[in-house]
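What follows is a set of notes on a single structure, which appears directly below.
Residue numbers (our numbering): 63 to 382.
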């Protein structure tokens, strides 16, 4: 019996357990504004979208989220958290010296919002002939609202909130999954929430919802980027020129700020870029295939999410 089939059988068990969420459908708290911030009509709509997604995550997915999840502004909403990735140029691997200073169990070093410190560290590694990537994140497990998040298109906002919700739920539930599987799973859950949330206008009776066609296009584009990164990670030299051309065309055609500028607007052959996205992409399609074989269509079976999480944590070696 193959690894995927063994995990599928494990996931098909009957011991599903749903956890009550601290985000009930009746709870609706306006985010606390930072001092002196005026909220215009467009921003207010984005905030309402975030609240609607949070209610959806609590009522439909039963995710165990704190009451202040995306209910508060970042202390410095105009700033991003900055992560530095460093890799050898001939392979996707950080140098040992960098790993010693990196976040425990993570392939990056965080600098908070300090541009000065981050740039100084990047220049140090560039001078030593390593590939580098400074990534300015729109979100983290702190789940605070920032101006940059509110600049994103609706589908990307839903994706980001759902992605971070999966991380927070895992921590609160005490479920431990290896980093590369957790990030891939968070991306899959995030994209499934984009699709599911867009289909629930009537059921949720939300004033602000997501256009279903826009949601499908967003998921297709994100999976296209994931697929191209996976091809580069497989390292078939004969395909590199084709991949570069496909990547350039995908970036040129991308009209959203979240993907074109912030998420994928880098060279696909930068080893530090690949170091970052190997965690999100390398396991994504295999994990997706296993979950979908296990009844992973978003509606109506997504209540199985909690059972999947527990079984995946218990059977992670079965994924290979």
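Note that beta-carbon positions come from the ideal geometry of N, C-alpha and C, so glycine has one too. Owing to the predicted nature of the structure, the values given are computational and were not obtained by experimental measurement.
A straight line joining the alpha-carbon of residue 228 with that of residue 250 spans about 10 angstroms.
At the C-beta level, residue 143 and residue 174 come within 8 angstroms of one another. Buried is the label assigned to residue 343, since at least 16 other Cβ atoms lie within 10 Å of its Cβ. When only Cα atoms are considered, residue 191 and residue 333 end up about 12 angstroms apart. DSSP, reduced to helix, strand and coil, places residue 144 within a strand of the structure shown. Following the DSSP letters along the chain, one finds residue 111 inside the alpha helix (DSSP H) bounded by residues 103–121. Taking a contact to require three or more Cβ pairs closer than 8 angstroms, the stretch 172–189 and the stretch 111–121 do not qualify as touching. Every alpha helix (DSSP H) stretch that sits fully inside the stretch 174–210 and reaches 4 residues is listed by chain position as 177–189. Taking the Cα positions, residue 322 is about 15 angstroms away from residue 290. Secondary structure in the stretch 230–257: no beta strand (DSSP E) run of 3 residues or longer lies completely within the stretch. Going by C-alpha positions, residue 169 is about 7 angstroms away from residue 147.
With a threshold of 16 other beta carbon atoms within 10 Å, residue 303 falls short and is exposed. CA-CA distance, residue 247 to residue 324, rounds to 21 angstroms. The closest CA to that of residue 245, considering only 198, 347, 327, is found on 347. By the 16-neighbour rule on beta-carbons within 10 angstroms, residue 103 is exposed. Assigned with DSSP and collapsed to three states, residue 316 falls in coil, not helix or strand. If you draw a straight line from the Cα of residue 193 to the Cα of residue 209, it is about 29 angstroms long.
Under the criterion of beta carbons closer than 8 angstroms, residue 274 and residue 261 qualify as touching, at roughly 6 angstroms. Under the three-state reduction of DSSP output, residue 153 falls in the coil class, being neither helix nor strand.
A Cβ-Cβ distance of about 16 angstroms is found for the pair residue 315 and residue 217, leaving them out of contact under the 8 angstroms criterion. Remark: C-beta atoms of residue 154 and residue 337 approach each other more closely than 8 angstroms.
About 20 angstroms separates the beta carbon of residue 136 from that of residue 215, a gap too long to meet the 8 angstroms contact definition. Between the C-alpha atoms of residue 283 and residue 212 there is a straight-line separation of about 20 angstroms. When only Cα atoms are considered, residue 281 and residue 254 end up about 8 angstroms apart. Rounded to whole angstroms, the gap between the alpha carbons of residue 305 and residue 294 is 7 angstroms. The Cβ atoms of residue 201 and residue 131 lie no closer than 8 angstroms to each other. Assigned with DSSP and collapsed to three states, residue 159 falls in helix. When rounded, the separation of the alpha-carbon atoms in residue 297 and residue 331 is 10 angstroms.
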